[in-house]
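The block underneath contains the structure these notes are about, expressed in structure tokens.
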Amino acid sequence: MKISLAEAIAATGGRLAANGGKEVVFVGVATDTRKGLKGKLFCALKGERFDAHEFLGAAVEGGAAGVLISREAGPLGVPAILAPDTQRALGLLAKAARRKAGFKVAA
160 MKISLAEAIA ATGGRLAANG GKEVVFVGVA TDTRKGLKGK LFCALKGERF DAHEFLGAAV
220 EGGAAGVLIS REAGPLGVPA ILAPDTQRAL GLLAKAARRK AGFKVAA
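If you're matching positions, the sequence shown starts at 160 in this note's numbering and goes up one per residue.
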């Protein structure tokens, strides 16, 4: 799934918090900094025992081309999309990707 920065912002209803000085096309979305991140949008999810916002630096070092966050972060050198709820935003990104790919969902 490839999605541009502008498409990701539109799909999530978020706003560009930092652009890192570049327009980007993401090659996918990731939620785990321990797995391949090169060219992907890292979605910082927050759970009861973890907050992936703590791993934004590691995500960028691992090759993430951008981050999806629910609170402001310092300069990371990549585009940052700020959305109120990253879990909901991740679902909205998935919905946009299905539409873009032309997949139909059976109820």
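Glycine is no exception: its CB is placed at the ideal position from the N, C-alpha and C atoms.
Using three-state DSSP, classify residue 258 as helix, strand or coil.
helix
Which class does residue 224 belong to by DSSP, given the choice of helix, strand or coil?
Residue state for residue 224 is assigned as coil, using DSSP reduced to three classes.
For the structure I just gave you, are there three or more beta carbon pairs, one from the segment 215-226 and one from the segment 247-260, closer than 8 Å?
no
Span of the alpha helix (DSSP H) holding residue 164?
Annotation for residue 164: the continuous alpha helix (DSSP H) segment containing it runs 164-171.
Residue 241 - DSSP class collapsed to helix/strand/coil:
strand
So the beta strand (DSSP E) residue 200 belongs to, where does it begin and stop?
Membership of residue 200 in the beta strand (DSSP E) is indicated by the continuous run 200-202.
Between the segment 161-179 and the segment 254-261, are three or more C-beta pairs nearer than 8 Å?
Between the segment 161-179 and the segment 254-261, the count of Cβ pairs shorter than 8 Å is three or higher; the stretches touch.
May I ask you to report which of helix, strand or coil DSSP gives residue 189?
strand
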